[in-house]
Structures are given as C-alpha cells and as structure tokens.
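What follows is a set of notes on a single structure, which appears directly below.
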Amino acid sequence: STFCCTVTLFDENLALDETASRAHFTRVADAGVGLYVGGSSPGEGYSMTAAEIDRLLRIAVETAGGRVPVRAMGVEPRDADEMCTFLKMAAKTGVDACQIYSLDVGHGWKPGPRELERYFRAALEAVSIPCIISSHSFMGYNVPIEMLERLAKEYDHLIGVNLTTPDILHLTEAVARLRPRLEIHVGGPMHTITGLALGANGYLSSEAAIAPQLVQDVINHYAAGRYEDAFKAYSAVMALMWAVSTMPGASVRRVKAAMRLLGRGGTYPRVPYMPIEGAELTAL
1 STFCCTVTLF
11 DENLALDETA
21 SRAHFTRVAD
31 AGVGLYVGGS
41 SPGEGYSMTA
51 AEIDRLLRIA
61 VETAGGRVPV
71 RAMGVEPRDA
81 DEMCTFLKMA
91 AKTGVDACQI
101 YSLDVGHGWK
111 PGPRELERYF
121 RAALEAVSIP
131 CIISSHSFMG
141 YNVPIEMLER
151 LAKEYDHLIG
161 VNLTTPDILH
171 LTEAVARLRP
181 RLEIHVGGPM
191 HTITGLALGA
201 NGYLSSEAAI
211 APQLVQDVIN
221 HYAAGRYEDA
231 FKAYSAVMAL
241 MWAVSTMPGA
251 SVRRVKAAMR
261 LLGRGGTYPR
271 VPYMPIEGAE
281 LTAL
C-alpha cells in the first residue's frame with residue numbers, strides 16, 4: 001500500500017479551500033492511494049488552528065472514507081499533552097487511524113529512551129483508535145526497535161510504524177522484528193523497492209499529491225509480480241522527486257508549485273512560506 005502526505009490547500013486569501021481540498025482528496029483516492037491529512041510537511045499543519053484541522057479531517061473522511069484509508073497525520077509535538085490533545089480531537093472526526101509523531105522538544109535536544117517511552121505510552125493510552133508511530137530521522141534519532149516491540153505487545157491498537165531513515169540496516173532489522181505484527185511504511189520513495197523487498201508494506205510520499213496514479217503503479221505492479229513495470233514506475237517517481245527537489249526551500253513550496261503548473265486549485269502557501277514564481281517556476 002502507499003499513502004499520500006497530503007498538502008493543505010488554501011485560497012488566495014489563505015483560507016482553507018474546501019472545494020480544492022475535496023478535489024485533491026478525490027483525485028488521490030481515485031488512484032487507490034491512502035491519505036495522511038493535516039501533517040507538518042507538506043501539510044502546513046503548524047500554520048493551522050485546531051478548528052481548521054478538525055474541518056480538514058472531516059472533509060477527507062467525507063470525500064474518501066470507505067474507499068481508501070484516511071489517517072490523521074498531525075505535527076511534531078513538544079510534549080505528550082500536545083500529542084494527546086490532537087489524538088483525541090482526530091479520533092472524533094471519523095478517521096481510520098492517527099499517527100503519533102516522535103517528540104521534537106527543540107533546541108537540538110533528543111529525549112532519552114525512558115522519556116520517549118513514557119511519551120508514547122501516554123499517547124497510546126489517551127485513545128483507542130488505531131495508531132501508527134512515526135520514527136523519523138529528521139528528529140535526530142530513530143525510535144528504538146526494542147521499544148516498538150514492547151509497545152506492540154501491550155497496545156493492540158498500535159498497528160504500524162512509519163519509518164523514515166537513511167539507515168538501511170536499521171530498516172532491515174525493523175522489518176525483520178516488527179512484521180507482521182506491525183505494518184511498516186517507509187517515509188519518502190527513496191527506499192520503496194528496498195523496503196518492499198525486505199517485507200515492508202509500502203511507502204509514504206508527497207509525490208502522490210502530484211501524480212497519485214504513478215505512485216500507486218509502483219505498488220500495483222510489484223504486488224502483481226510485474227517487477228519490470230514496477231521498476232519503471234519507480235524510476236519515474238524518483239525522477240519526479242529529483243525534479244521537484246531541485247527547487248530550494250520546504251517541500252510544500254515545491255509540491256504546491258508543481259500542482260499549480262498542473263492546473264490544481266488552492267495552491268497558495270501560508271507564511272512563512274513564499275510561493276515559487278518567476279524563473280524558478282519556469283525551471284520547474
């Protein structure tokens with residue numbers, strides 16, 4: 001399976017564009033790609049109020065629920081209370097599952113194992129909805145595999161891990177020790193084929209916001225044993241990733257600019273981001 005880290009679409013007044021959002025969720029779901037909604041990157045979750053995120057999740061459920069998995073993504077929290085508040089809100093919107101981001105306490109500090117495990121336990125005990133833990137190298141650390149094993153044994157509603165890391169040996173060990181109890185999706189398309197070969201479930205990407213059918217083709221072909229076609233589709237996804245990544249700045253600027261070039265609505269970024277325009281837009 002594959003999931004889209006969805007963008008949040010705003011109109012020229014930087015208000016939530018519900019019409020464009022419904023069209024976006026429909027297009028992604030039509031390709032068979034699941035939705036992660038309201039994330040920090042490229043979803044601009046930090047710029048949104050709780051009421052806006054609640055509304056966006058409900059729109060996603062109304063538009064794509066029952067056709068593909070719809071999951072609340074959220075943003076990196078400073079403490080457990082922040083994460084628990086988000087989980088409780090999201091659980092009321094009808095989403096299928098919620099992601100629990102790893103702690104990002106700021107100032108370059110990394111939580112210790114005891115602090116991290118206490119945080120995850122507090123989050124998991126706050127709700128009964130299915131949850132997925134995010135272990136993201138951008139936090140400066142990977143969640144210890146043995147910790148994930150313990151949590152998986154004690155909390156039945158922990159259903160998966162979104163694992164984003166350049167450490168292939170860590171990914172190899174995680175898949176070997178956590179599957180099939182937990183689903184594992186790699187973050188970004190970089191390690192999709194490696195992850196699938198190791199036994200992971202699939203991948204997450206922001207490229208699915210631009211070309212959802214292409215992103216899903218990798219999974220469809222691979223699952224059917226059409227490996228040559230899967231590798232061709234994967235090469236195209238990586239070419240798209242490379243092309244968009246040549247633009248400077250945050251991923252939301254690049255993804256929204258690409259969507260704007262394809263005629264999609266609601267592609268205005270909120271501050272602090274500035275839109276890609278002029279020579280950069282021509283190059284893209």
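Numbering-wise, the numbering used here puts 35 at position 35 of the sequence shown, and it's gapless, one number per residue.
Virtual Cβ for every residue (Gly too), placed ideally from N, Cα, C.
These numbers were taken from a predicted model, which means no experiment stands behind them.
Check: Between the CA atoms of tyrosine 203 and arginine 114 - distance to the nearest angstrom; Outcome: 29 Å
Check: Same chain only: Cβ atoms within 6 Å of threonine 8, ignoring 5 sequence neighbours per side; Outcome: Gly43 and Glu44
Check: Whole beta strand (DSSP E) elements within the segment 165 to 207, 3-residue minimum; Outcome: 183 to 187 and 202 to 205
Check: Residue closest to valine 252, alpha-carbon to alpha-carbon, out of Gly263, Ser205, Trp109 and Asn142; Outcome: Ser205
Check: Proximity winner among Gln216, Arg177, Leu182 and Ala223, relative to alanine 197 (alpha-carbon distances); Outcome: Ala223
Check: Beta-carbon spacing of alanine 123, methionine 83 below 7 Å; Outcome: yes
Check: N- and C-terminal bounds of the alpha helix (DSSP H) containing alanine 60; Outcome: 50 to 64
Check: Isoleucine 276 to isoleucine 219 span [Cα, whole Å]; Outcome: 31 Å
Check: Opposing strand residues paired with glutamine 99 [DSSP bridges]; Outcome: Ile132
Check: Leucine 14 and arginine 270 closer than 7 Å at C-beta; Outcome: yes
Check: Distance between tyrosine 36 and alanine 20 (C-alpha atoms, nearest Å); Outcome: 16 Å
Check: Residues that threonine 267 bridges to, as DSSP identifies them; Outcome: Phe10
Check: Alpha-carbon to alpha-carbon, valine 143 and proline 248; Outcome: 29 Å
Check: Threonine 93, buried or exposed, once every other Cβ within 10 Å from all chains shown has been counted against 16; Outcome: buried
Check: Range covered by the beta strand (DSSP E) that runs through phenylalanine 120; Outcome: Phenylalanine 120 -> not in any beta strand (DSSP E); alpha helix (DSSP H) instead, spanning 113 to 126.
Check: Residue range of the alpha helix (DSSP H) that includes leucine 214; Outcome: 212 to 223
Check: Coarse secondary structure for glycine 34, derived from DSSP in three states; Outcome: strand
Check: Presumed contact (8 Å Cβ cut-off) between valine 71 and alanine 97, rounded CB distance; Outcome: In the sequence as displayed, the identity of residue 71 is arginine instead of valine. Between alanine 97 and arginine 71 the Cβ distance is about 5 Å, and since that is below 8 Å, they are a contact.
Check: CB of threonine 63 within 7 Å of CB of glutamine 216, strictly; Outcome: no
Check: Nearest-angstrom Cβ-Cβ length linking proline 189 and valine 237, presumed shorter than 8 Å; Outcome: 5 Å
Check: Limits of the alpha helix (DSSP H) - the one that phenylalanine 86 falls within; Outcome: 80 to 91
Check: From Ser135, Met89, Ser40 and Asp11, residue whose alpha carbon lies closest to that of methionine 147; Outcome: Ser135
Check: Status (buried if at least 16 other CB within 10 Å, exposed otherwise) for aspartate 79; Outcome: exposed
Check: Rounded straight-line distance, which links the Cα of glutamate 228 to that of threonine 49; Outcome: 45 Å
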